[in-house]
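Heads up: the structure comes next, in structure tokens.
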Amino acid sequence: MLLWFWPENRRFDFRDCTTFFNIDGCQLTDDRSLYNKADGVLIFHKSIKHDLSNLPPSPRPPFQKWIWYHVESPTNTIRIPGLENLFNLTLSYREDADIPDKLVCWIVSNNNPATGTAVRDNYYRELVKHIKVDVFGKAFARFLRYEDYYSTLSSSLAEFLLKLDKDDEAYLRYFQWRRNLFAQQHLIQLSQEFIQSICYACDHIGKHKEYRVVHDLYKWYLV
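Letter 214 of the sequence shown, counting from 1, is numbered 214 in UniProt numbering, and no numbers are missing.
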């Protein structure tokens, strides 16, 4: 996948897709000379010039997907004319984006049994019987095999999470704390702000052949 713009000029090592997210089946590049060979081109909305002069050459190769990448709210979205029927994949926080976020993930780096990790390890192994869990971190390789325990408890949790995924009102109640509390920045560099979305997009391109042309980008995004 070709990264046409670095979002906000925040650069990172492409190997981080493997390091942080265990994604190693895709190739990322920012070398525009490879445009005609790229299966996908990721285009950051805020970097597009109003006259579209800095977009890739068109028409695009017939096999290629152009991914519209945007992280701003509709009220903070600059309307750029001429983007109709241009993109055939979308990447954003919207639920109906082509490349959505994961439902359940576990970030785990400590695999030292002396610290009591066996309990949570066993719980994870049972939970994945009932719901897909994306696991990231240094300890990821440990969670590909083993015997399973805690069947009743983890099955109930999986059932609850799947119900929560379909109940927006119940889901949003978990974020009511944001009305009175504020989270502090921690364990993240500014250069890593966009890495997860970009890595997921690259992984998606390699695993999915389907696409859909967005005829009216703003009508879809601003509703």
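Beta carbons: idealized from backbone N, C-alpha and C, even for Gly. In this text the structure is predicted, and so the values were computed from the model without any measurement.
Given residue i, which residues of its chain have a CB within under 6 Å of its CB, disregarding the five upstream and five downstream residues?
i: F44; result: F5, P7 and Y69
i: L89; result: K65, I67, D98 and Y211
i: D30; result: L3
i: I48; result: I80
i: L217; result: L83
i: R179; result: none
i: K129; result: none
If we count the other Cβ atoms within 10 Å of its Cβ and call it buried at 16 or more, is residue i buried or exposed?
i: Y174; result: exposed
i: I78; result: exposed
i: A201; result: buried
i: D98; result: buried
i: F160; result: exposed
i: D203; result: buried
i: V213; result: exposed
i: T75; result: exposed
i: L42; result: buried
i: Y221; result: buried
Going by C-alpha to C-alpha distance, which of the options sits closest to residue i?
i: Q64; options: Y218, K219, W220 and Y211; result: Y211
i: L157; options: I131, N180 and F12; result: I131
i: E219; options: F14, D165 and P81; result: The residue you asked about is not Glu; residue 219 is Lys in the sequence shown. Comparing Cα positions, the closest option is P81.
i: Y93; options: L217, S197, V214 and D203; result: S197
i: residue 232; options: T75, L222, E84 and K166; result: Since the first and last residues shown for the chain are 1 and 223, residue 232 lies out of range.
i: M1; options: F21, S33, F20 and T19; result: S33
i: H215; options: V41, L86, N76 and W177; result: L86
i: K209; options: N180, P62, L164 and Y221; result: P62
i: I205; options: L164, L91 and R179; result: L91
Quick one: residues in its chain with C-beta nearer than 7 Å to the C-beta of residue i, no 5 flanking neighbours on either side, listed in chain order?
i: D16; result: I195
i: Q162; result: Per the sequence shown, residue 162 should be read as Leu rather than Gln. Cβ neighbours of L162 beyond the five flanking positions: I131.
i: V106; result: In the sequence under discussion, the amino acid at residue 106 is Trp, which differs from the Val named in the question. So the list reads Y124, V133 and V135, once near-sequence residues are dropped.
i: L127; result: V133, S154, L157 and A158
i: K207; result: none
i: R60; result: W66
i: F14; result: L28
i: A170; result: L164
i: D51; result: none
Output needed for residue i: all residues of its chain with C-beta closer than 8 Å, excluding positions within five of it in sequence on either side, in chain order.
i: residue 226; result: Past the edges of the chain, shown from 1 to 223, lies residue 226, and the structure says nothing about it.
i: A38; result: M1, L2, T29 and Q64
i: G40; result: M1, L2, Q64, K65, W66, I67, L89, A201, C202 and I205
i: Y35; result: L2, V41, P56 and P57
Inset, instruction - Count the C-beta pairs between the stretch 19 to 26 and the stretch 51 to 60 that are closer than 8 Å, then say yes if the count reaches three, no if not. - result: No, the stretch 19 to 26 does not touch the stretch 51 to 60.
Legend entry - Entirely enclosed beta strand (DSSP E) segments - the stretch 26 to 53, minimum 3 residues: Runs found: 40 to 44.
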